[in-house]
Amino acid sequence: MTKLLFLGSLACLGASGCVAHRSMLLPDERTHLTPEPFRLGDVSTSIQVRGSSGNLSQLDTSPLRAQVEERLRSTLGRGAAPNAPYTIDVEIDLAEEHGVGPGMAAGVATETGVLAVGATAGAVLGAIALPGVGAPLGAVVGVLAASPPALASAFAFDVNGVNAEYRAAVAVRRRSDRALVASRRVVAPWRASFSSYALDDRLARATGDAVIALEGKLVTALHEILAELGPTPAPQP
881 MTKLLFLGSL ACLGASGCVA HRSMLLPDER THLTPEPFRL GDVSTSIQVR GSSGNLSQLD
941 TSPLRAQVEE RLRSTLGRGA APNAPYTIDV EIDLAEEHGV GPGMAAGVAT ETGVLAVGAT
1001 AGAVLGAIAL PGVGAPLGAV VGVLAASPPA LASAFAFDVN GVNAEYRAAV AVRRRSDRAL
1061 VASRRVVAPW RASFSSYALD DRLARATGDA VIALEGKLVT ALHEILAELG PTPAPQP
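Heads up: the sequence shown begins at 881 in our numbering, then just goes up one per residue.
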């Protein structure tokens, strides 16, 4: 039965055979970028989501990918200049490893306890109803009856855990010949744990917070690169 607990937590992330959709919930804050001498080029995103039972093949990450790219295009676009001498390309890589959370042990203990109570109560009632032979049958019936509340109570603990690392690489090129003049990589690691009941909301919020952190580091890195390049070349027509 404890195996069902673990598989059930992964099922909430799309491993149960039905498609689940990943998205993020962004906080109200926004990273501000002052006008800089660049034009925004390509923004691409890759997402790798893995779980303790392997790839979560039934997980649709396209909504999250679209949200991330739209967010970064919006933020970077606010600081771009149409005739700037540089073009920047950005590659985003979101890597997540999903597994058990810190509440797994408590969840298993709770599940086991509820099942034990169900088996004991069933055995007692079975023995009363059918003296001599009813206890074993009653115990089985008690376990079956206790299974739904056992799983429900176990899922209330933080049985799900995520260990993630969000990365972004920015490449600055001259518009005149597309030559690479500078590049920088930034990383925003994060961890989160949550119960199965709060999984969708808390995962979406944690993802949004991580994307904001990555965005801030990316904007800072871009500003530093352009400052290091020195005097701005003549604008391109």
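For glycine and all other residues, C-beta sits at the position ideal for the given N, C-alpha and C.
Going by C-alpha distance, which of 1040, 928, 901, 972 is nearest residue 1077?
Here the closest residue by C-alpha is 1040.
Looking at the structure shown, is residue 903 part of a helix, part of a strand, or coil, going by DSSP?
In the structure shown, residue 903 sits in coil (DSSP, three-state: anything other than H, G, I, E or B).
Within 10 Å of its beta-carbon, does residue 934 have 16 or more other beta-carbons around it, so buried, or fewer, so exposed?
Confidence in residue 934 is poor, its pLDDT being 48 and thus under 50, which makes the residue's placement too unreliable to answer from.
Count Cβ pairs between the region 914-930 and the region 965-973 that sit closer than 8 Å; are there 3 or more?
Contact between the region 914-930 and the region 965-973 is present, because at least three Cβ pairs lie under 8 Å.
Nearest CA to the CA of residue 1100: which residue from 1082, 1088, 1048, 1055?
Residue 1048 is the option with its Cα nearest to residue 1100.
Which residue marks the beginning of the beta strand (DSSP E) containing residue 928, and which one marks its end?
Its beta strand (DSSP E) spans residues 918-931.
Is residue 942 helix, strand or coil by DSSP?
Residue 942 falls in the helix class under three-state DSSP.
Give the range of the alpha helix (DSSP H) segment to which residue 1104 is assigned.
First-last of the alpha helix (DSSP H) with residue 1104: 1079-1108.
Does DSSP classify residue 1075 as helix, strand or coil?
Coil, per DSSP.
Along the chain, where does the beta strand (DSSP E) containing residue 958 start, and where does it finish?
No beta strand (DSSP E) contains residue 958, which DSSP labels as neither H nor E.
Roughly how many whole angstroms lie between the Cα atoms of residue 978 and residue 1105?
Near 34 Å, if we compare the C-alpha coordinates of residue 1105 and residue 978.
Can you grab the Cα-Cα spacing for the pair residue 951 / residue 1084, in whole Å?
One C-alpha to the other measures close to 15 Å.
Where does residue 967 sit, in a helix, a strand or coil, going by DSSP?
It is a strand residue.
Determine the DSSP secondary structure at residue 974, reduced to helix, strand or coil.
Strand.
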